[in-house]
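Undergrad: The structure's right below; bear with me while I get my questions together.
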Amino acid sequence: MRGLWREFAGLVLPVGCAGCGRPRTELCEECRRSLCAGGGQTAGRRRGPRRVRPSPAPPGLPRVYAAAAYADAVRAVLLAHKERGALALAAPLGGALAGAVRGLQAGPGPLLLIPVPSARSAVAGRGHDPVRRIALAAARELRRGGSGARVLAALRQRRAVIDQAGLGARQRQLNLAGALEIAGACRLLDGGRVVLVDDLMTTGASLAEASRAVRAAGGRVTGAAVVAASPGAFEINWN
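Rendered as structure tokens:
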């Protein structure tokens, strides 16, 4: 019900650009382009999805591609979608995520996008599941390009975890270790190219744990794709 109200409110109330505040548009063209900037805006490199890796990288982290650096307009747009319920932003965010998936060059065969799950309490508090919503938009965009992509919401939390905010890289790894599992969809993983998807990568702990859970269920993780990653995680900053 809360999600439906937010969608209705977005149609009838005046809005400003979620990225820069420009009036009478939910997302201006400049901020829309920033969602596909790769590390270009921060790192001075070409636009488009880029390989990212946190430092230190957690054990078991697969290849990860990001559409943009988590800064400025990109940060504002992601927060508007996740925390303020600007649900119409799922489409451009999904388009950016689809670009990151393409960057993996995963090869032929069925493509399964598996979202990293949020805690049930977080989903209930927000009134929607932002990562799943973005993943569904990404799958639609990929299908328009001829890919057989679909979303498989197969991961779930098997035990409670504490809020990750304020935790360091090692603390996040310990907090998430063994926290995820595949729920009742193991047979669907056979032969599919699994791409883990999330809205944001910081330390990589969530993606590493998701990869472990999929592999434990017999799945083959091709890589991971995110809308945004910390600016320091882009290739140009690797040692």
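So for the sequence shown, our numbering puts the first residue at 1; every next one is plus one. Glycine included, C-beta positions come from ideal geometry on N, C-alpha and C.
Across the segment 107 to 118 and the segment 71 to 79, are there enough close Cβ pairs to call them in contact, namely three or more that are closer than 8 Å?
TA: Counting C-beta pairs closer than 8 Å gives fewer than three between the segment 107 to 118 and the segment 71 to 79, which falls short of the contact rule.
Undergrad: If we count the other Cβ atoms within 10 Å of its Cβ and call it buried at 16 or more, is Ser55 buried or exposed?
TA: exposed
Undergrad: Once DSSP output is grouped into helix, strand and coil, what is the label at Glu181?
TA: strand
Undergrad: Would you mind working out which of Gly127, Gly145, Ala135 and Gly99 sits nearest Val151, comparing C-alpha positions?
TA: Ala135
Undergrad: Please state the DSSP three-state secondary structure of Arg63.
TA: coil
Undergrad: Can you pull the DSSP bridge partners for Gly223?
TA: Val195
Undergrad: Using beta-carbon positions only, say whether Ala96 and Cys17 come within less than 7 Å of one another.
TA: no
Undergrad: Can you tell me where the alpha helix (DSSP H) with Arg32 in it begins and where it stops?
TA: Where Arg32 is concerned, the enclosing alpha helix (DSSP H) stretches over Glu29 to Ser34.
Undergrad: Please state the DSSP three-state secondary structure of Leu155.
TA: strand
Undergrad: Classify Glu235: buried if its beta carbon has 16 or more other beta carbons within 10 angstroms, exposed otherwise.
TA: exposed
Undergrad: Could you please give the first and the last residue of the uninterrupted alpha helix (DSSP H) stretch that includes Pro115?
TA: Note, Pro115: premise wrong, no alpha helix (DSSP H); beta strand (DSSP E) at Leu111 to Pro115.
Undergrad: On the DSSP letters alone, give me the boundaries of the alpha helix (DSSP H) that Arg143 sits inside.
TA: Pro130 to Arg144 is the extent of the alpha helix (DSSP H) around Arg143.
Undergrad: With DSSP collapsed to three states, give me the class of Arg170.
TA: helix
Undergrad: Rank Arg63, Pro59 and Pro58 by C-alpha distance to the C-alpha of Ala225 and give the top, closest one.
TA: Arg63
Undergrad: The beta strand (DSSP E) spanning Ala50 covers which residue range?
TA: It should be noted that the sequence gives Arg, not Ala, for residue 50. Run containing Arg50: Arg50 to Val52, per the beta strand (DSSP E) assignment.
Undergrad: Within the chosen definition, does the segment 191 to 208 reach the segment 130 to 144 through at least 3 CB pairs nearer than 8 Å?
TA: yes
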